[in-house]
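Taking our numbering, the leading residue of the sequence shown gets 120, the next gets one more, and so forth.
Only one structure is covered here, and it is reproduced in the block below.
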Amino acid sequence: MPPRAKISREAIIEAGLALVRREGAEALNVRRVAAELGCSTQPVMYQFPTMADLRDAIYRSADAWHSQFLMAPEPDVDPLLSIGLRYVRFGAEERHLFRFLFQSDQYAHMDIRELLAAYDAPLAPVYAVLQAEAGCGPEQCRAIFAQLFITAHGLASLLANNAMRYDPEFCSKILVAAFEGAMKGEEQ
120 MPPRAKISRE
130 AIIEAGLALV
140 RREGAEALNV
150 RRVAAELGCS
160 TQPVMYQFPT
170 MADLRDAIYR
180 SADAWHSQFL
190 MAPEPDVDPL
200 LSIGLRYVRF
210 GAEERHLFRF
220 LFQSDQYAHM
230 DIRELLAAYD
240 APLAPVYAVL
250 QAEAGCGPEQ
260 CRAIFAQLFI
270 TAHGLASLLA
280 NNAMRYDPEF
290 CSKILVAAFE
300 GAMKGEEQ
């Protein structure tokens with residue numbers, strides 16, 4: 120019977136996530152994760168036989184962390200606007216993690232419709248807020264969300280890739296205008 124692993128999968132994933140948050144996906148490799156943990160590469164390779172396995176586990180953890188970040192309400196802000204602002208703020212505050220999640224080849228060969236369909240179930244809480252806010256049905260909700268997502272993602276991408284200052288008031292105005300435009304577009 121092989122010896123019991125002393126370093127857990129969860130500890131390895133946490134160390135990898137911390138590394139990506141601090142230095143970016145380019146720094147992610149078995150040696151660097153092992154160094155984060157203060158161990159040899161053997162425990163990391165025992166839990167994750169390939170780099171792809173390790174990267175995927177860290178990606179899923181980052182995605183879950185991102186989802187929790189989005190759904191934490193901003194005080195005194197409309198719930199839907201809060202989600203959009205938090206998405207944009209995530210790009211500003213978590214530049215490396217944003218790029219790891221959304222600007223890697225994770226979505227290679229997909230189009231935007233496929234991307235949104237792939238996240239249909241995880242987006243259910245966001246759709247629920249949108250449906251309550253806009254009073255729309257599921258298909259209209261998805262169409263409005265697509266426009267809001269593209270707008271928020273554009274703002275977040277600008278912040279994540281440049282040393283720009285996050286201005287919540289400006290971003291709020293842009294997101295509200297995108298929402299109003301999407302609502303008018305769906306009325307026609």
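Glycine is no exception: its CB is placed at the ideal position from the N, C-alpha and C atoms.
Quick caveat, the model's predicted, so the values are computed rather than measured.
query: By the 10 Å Cβ neighbour count, where 16 or more other Cβ atoms means buried, how is residue 269 classified, buried or exposed?
result: exposed
Inter-residue Cα distance where the pair is residue 199 and residue 263: 12 angstroms
query: Just reading off the alpha helix (DSSP H) that residue 290 is part of, what are its end residues?
result: 287-306
- request: Note down the Cα distance separating residue 204 from residue 254, rounded to an integer number of angstroms.
  value: 21 angstroms
query: With DSSP run on the structure shown, which of helix, strand or coil describes residue 206?
result: helix
- request: Pull up the distance between the alpha-carbon of residue 288 and that of residue 295, whole angstroms please.
  value: 11 angstroms
- prompt: Span of the alpha helix (DSSP H) holding residue 138?
  reply: 128-142
- prompt: Expressed to the nearest angstrom, what Euclidean distance is found between the alpha-carbon atoms of residue 230 and residue 260?
  reply: 19 angstroms
query: So what does DSSP say about residue 167, is it helix, strand or coil?
result: coil
message: Looking at the secondary structure, which residues open and close the alpha helix (DSSP H) in which residue 246 lies?
response: 243-253
field: Other residues of its chain near residue 155: CB distance less than 6 angstroms, five sequence neighbours each side excluded
entry: 134, 138
message: If I follow the unbroken alpha helix (DSSP H) through residue 157, where does it start and stop?
response: Residue 157 -> no alpha helix (DSSP H), and no H or E assigned at all.
message: Give me, in chain order, the residues of the same chain whose beta-carbon lies closer than 7 angstroms to that of residue 140; leave out the 5 immediate sequence neighbours on both sides.
response: 213, 215, 216
task: Measuring alpha carbon to alpha carbon, tell me which of 189, 219, 163 ends up nearest residue 146.
output: 219
query: For the alpha helix (DSSP H) that residue 281 lies in, which residues bound it at each end?
result: Here residue 281 belongs to no alpha helix (DSSP H), and DSSP marks it neither H nor E.
message: I need the DSSP call for residue 222, collapsed to helix, strand or coil.
response: coil
- request: Figure out for me which residue from 303, 251, 187 has the closest Cα to the Cα of residue 266.
  value: 303
- prompt: Are residue 301 and residue 207 closer than 8 angstroms when you measure CB to CB?
  reply: no
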